[in-house]
Amino acid sequence: LESMKQKAIESLKQQTISIVDSESDGDEARGNNSDCHIFSLHCPITKTVIDTPVRGRDCSHLQCFDLRNFLHANKNPSAGRWRCGVCQRFLCCEDLVRCGLFDAMLGDLRADVSSTRHKVSF
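Position in the sequence shown (first residue = 1) + 4 = the working numbering.
Laid out in C-alpha cells, this is it:
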C-alpha cells in the first residue's frame with residue numbers, strides 16, 4: 005500500500021501544478037512540503053473550468069478532466085477507441101468515474117477560478 009501511495013505521489017508531481025497566480029513559479033506554493041498534492045481545476049482537454057470531473061477507473065493519475073469535453077473530443081475516436089484526457093490511455097465510457105474530491109474542490113473554489121488562478125494545492 006505504501007509503495008502505491010508513493011507511486012501516486014510521484015505521478016502527481018509529474019502531471020500536476022499548484023494553486024498560485026501564473027506569475028509565481030509554483031515552488032512558492034509548495035514550500036518544502038513534499039507531501040503536497042497539486043491539481044489544476046482546468047480541463048486538460050480544453051483549458052476551461054471543469055464542470056463534471058471524471059477520470060479513467062484504471063488510470064494511475066488523480067487529475068480529472070471534464071466529462072462533456074471528453075465526450076466531445078472523442079466523438080470521432082481513432083480506431084473506435086477513446087483516450088483519457090490526461091494520460092491518453094485507451095478507455096471506454098464505462099471506465100469513467102466521477103471524482104468526489106474534485107467535486108468538493110470545485111464546489112468550494114469555482115468562483116475563484118480564472119485563467120491565471122486555476123490550481124489547487126492541499
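Beta carbons: idealized from backbone N, C-alpha and C, even for Gly.
Please report whether the beta-carbon of residue i lies at a distance below 8 angstroms from any beta-carbon of chain C.
i           : result
residue 119 : Within the model displayed, chain C is absent; a lone protein chain is all it includes.
Measure the alpha-carbon distance for residue i versus residue j and round it to whole angstroms.
i           : j           : result
residue 106 : residue 8   : 21 angstroms
residue 63  : residue 115 : 29 angstroms
residue 60  : residue 99  : 5 angstroms
residue 74  : residue 95  : 11 angstroms
residue 40  : residue 81  : 35 angstroms
residue 50  : residue 56  : 13 angstroms
residue 125 : residue 93  : 25 angstroms
residue 53  : residue 122 : 8 angstroms
residue 108 : residue 43  : 13 angstroms
residue 120 : residue 89  : 21 angstroms
residue 14  : residue 85  : 28 angstroms
residue 10  : residue 83  : 35 angstroms
residue 76  : residue 6   : 37 angstroms
residue 112 : residue 12  : 24 angstroms
Hey, would you say residue i sits closer than 8 angstroms to residue j, going by beta carbons?
i           : j           : result
residue 117 : residue 58  : no
residue 45  : residue 110 : yes
If residue i sits next to residue j, beta carbons under 8 angstroms apart, how far is it from one beta carbon to the other, in whole angstroms?
i           : j          : result
residue 103 : residue 68 : 5 angstroms
residue 72  : residue 78 : Between residue 78 and residue 72 the Cβ distance is about 11 angstroms, and since that is not below 8 angstroms, they are no contact.
residue 91  : residue 70 : That belief does not hold up - the Cβ atoms of residue 91 and residue 70 are roughly 16 angstroms apart, past 8 angstroms.
Are there any heavy atoms of the ligand NAD lying less than 7 angstroms away from the beta-carbon of residue i, as far as the coordinates show?
i           : result
residue 122 : The ligand NAD is not part of the structure shown, which contains no ligands of any sort.
Where in the region 58-108 do unbroken runs of the beta strand (DSSP E), each at least 3 residues long, occur, reported from the N-terminal end onward?
-> If we require 3 residues or more, the beta strand (DSSP E) runs fully inside the region 58-108 come out as 100-102.
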